[in-house]
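To start, the structure under review is shown below, and the notes come after it.
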Amino acid sequence: MTNQPNNLEAQLLALQEEGEKAISAVNTLESLEELRVSYLGKKGQMGTLLRSMGKLSAEERPKIGAIANTVKEALQASLDKQRHALESAQIQAQLESESLDVTMPGIYRPQGKIYPINGTLDRALDIFVGMGYTVASGPEMETDYYNFEALNTPPDHPARDMQDTFYLPDGNLLRTHTSSVQIRYMERSEPPIRIVAPGRVYRRDTVDATHAAVFHQLELLAVDEGLTFSDLKGTIKVFLQGMFGDLPIRFRASYFPFTEPSAEVDLQWNGRWLEVMGCGMVDPNVLKAVGYDPEVYTGFAAGFGVERFAMVLHQLDDIRRVYASDLRFLRQF
Ligand code: DAH
9 MTNQPNNLEA QLLALQEEGE KAISAVNTLE SLEELRVSYL GKKGQMGTLL
59 RSMGKLSAEE RPKIGAIANT VKEALQASLD KQRHALESAQ IQAQLESESL
109 DVTMPGIYRP QGKIYPINGT LDRALDIFVG MGYTVASGPE METDYYNFEA
159 LNTPPDHPAR DMQDTFYLPD GNLLRTHTSS VQIRYMERSE PPIRIVAPGR
209 VYRRDTVDAT HAAVFHQLEL LAVDEGLTFS DLKGTIKVFL QGMFGDLPIR
259 FRASYFPFTE PSAEVDLQWN GRWLEVMGCG MVDPNVLKAV GYDPEVYTGF
309 AAGFGVERFA MVLHQLDDIR RVYASDLRFL RQF
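For the sequence shown, this note's numbering assigns the number 341 to the last residue and increments by one with no breaks.
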């Protein structure tokens, strides 16, 4: 049983038949590759048969050679066909496993809202930052010095009656206003100064529709050479316009221990004047308390309650709603 031409031809044809069957039965690309190596690879069965052609006669060789070529091409075609089929099946399977049912209902995620006090505060801070102000802060637990004394409010000063204070057992207190931040900031800085200081403040007020024991203020302070009351007026005007639009405002003479002269600012809202902030030129005694020379520097300051602004901005009737954690209310902002 050696290399008789007919024998070799039969072997080639048998190889083709067996190969085509095996190839079409394979169902992974890895097994297909194994079959390719086994049939057409360098050391594969086809090669083995071809090597035995050397022993054929000169007439037989081209004939068997031609048959060998068709067998090789047929096997290659079968491999290609099966590879193509397996690859498309793979893509199809991937498409099916990754497909999305766009009609399926989604998972509901409630959208968060900005808390009305923070929203109002952010809006105010944006306006001041736009005018070149820096945001500063200070502690909520204060000493008597920063909350009152350095602000020209000595222990026996009648102005202390204006604010009922929460005193702590150790003699410290919960700050009644953010004006304390003025002193702390000036102590560690040199003019020129342009700051806004937002924060929580505490008062022993009876809680009602417009008063809370804890609320938020924003303090404004500018110190420089040559600042005048008209700088204060212009700044407040730009701020209130940014906040509420072009509503009429008026300055009314008032009194604060830490400013001289002092004023209160009213905003015309729904046909009536609403008091919205206190302000004034920083009292020379306050500048002296932080070591500034009042002959060289002047300053202006202002302070307002953020809740009051939020009430105007959002037409709220009762401040207590803001603290009641009622989502039906809070979702509206
Ligand atoms: N601290 C004052 C208050 O709580 C508000 C205020 C008034 C602040 C005048 C100021 C100011 O800086 O100049 O009622």
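Think of the CB as a built atom: it goes at the ideal place given N, C-alpha and C, for glycine as much as any other residue.
None of the values given here were measured: they were computed from a predicted structure.
Taking C-beta to C-beta, are residue i and residue j nearer than 7 Å?
| i | j | result |
| --- | --- | --- |
| Gln342 | Gly311 | No statement about residue 342 is possible, as the shown extent of the chain runs from 9 to 341 and does not include it. |
| Val314 | Thr186 | no |
| Gly146 | Val189 | yes |
| Tyr305 | Val204 | no |
| Gly286 | Phe264 | yes |
| Ile327 | Ala220 | yes |
| Glu17 | Ile99 | no |
| Leu40 | Gln90 | yes |
| Arg44 | Leu87 | yes |
| Pro199 | Asp232 | yes |
| Met46 | Gly52 | The residue you asked about is not Met; residue 46 is Ser in the sequence shown. Closer than 7 Å, so yes. |
| Asp274 | Arg258 | yes |
| Arg280 | Glu272 | no |
Among the candidates the options, whose CA atom is the shortest distance from the CA of residue i?
| i | options | result |
| --- | --- | --- |
| Tyr331 | Ile125, Gly146 and Lys241 | Ile125 |
| Gly179 | Tyr193, Val189, Arg117 and Asp152 | Asp152 |
| Thr243 | Ala230, Asp254, Arg192 and Leu255 | Ala230 |
| Phe343 | Asn293, Ala297, Thr267 and Asp325 | Residue 343 lies beyond the stretch modelled for the chain, which goes from 9 to 341, so this question has no answer here. |
| Met149 | Thr173, Phe136 and Met139 | Thr173 |
| Ser32 | Ser65, Phe337, Arg202 and Ala82 | Ala82 |
| Asn7 | Ala132, Glu272 and Pro256 | Not covered by the structure: residue 7. The range shown for the chain is 9 to 341. |
| Thr236 | Asp254, Arg212, Tyr193 and Pro302 | Pro302 |
| Asn35 | Ser96, Asn15 and Glu25 | Ser96 |
| Leu133 | Leu324, Ala261, Arg202 and Asn293 | Arg202 |
| Leu48 | Arg212, His322 and Gln84 | Gln84 |
| Arg168 | Asn155, Pro118 and Lys50 | Asn155 |
| Gly55 | Glu38, Gly73, Glu67 and Ala66 | Gly73 |
| Met139 | Lys245, Asp216, Thr184 and Gly288 | Lys245 |
In the DSSP assignment, what are the bridge partners of residue i?
| i | result |
| --- | --- |
| Leu226 | Pro206 and Phe312 |
| Ile201 | Val231 |
| Arg59 | Note: Arg59 sits in no beta bridge, so no partner. |
| Met149 | Leu182 |
| His219 | Asp216 |
| Arg258 | Asp274 |
| Val143 | Val204 |
| Tyr175 | Leu181 |
Using the rule of at least 16 other Cβ atoms within 10 Å of the residue's Cβ for burial, across every protein chain shown, is residue i buried or exposed?
| i | result |
| --- | --- |
| Glu28 | buried |
| Ala158 | buried |
| Thr10 | With a pLDDT of only 48 at Thr10, under 50, the local geometry of the prediction cannot be trusted, and the value read off the model is given with reservation. So Thr10 counts as exposed. |
| Phe5 | No statement about residue 5 is possible, as the shown extent of the chain runs from 9 to 341 and does not include it. |
| Pro206 | buried |
| Tyr193 | buried |
| Asn77 | exposed |
| Leu181 | buried |
| Asp291 | buried |
Please give me, in chain order, every unbroken run of the beta strand (DSSP E) with length at least 3 that falls completely inside the region 260–320. You should have 267–277, 280–290 and 306–313.
Would you list, in sequence order, the uninterrupted beta strand (DSSP E) runs of no fewer than 3 residues that lie entirely inside the region 31–100? Runs of the beta strand (DSSP E) inside the region 31–100: none found.
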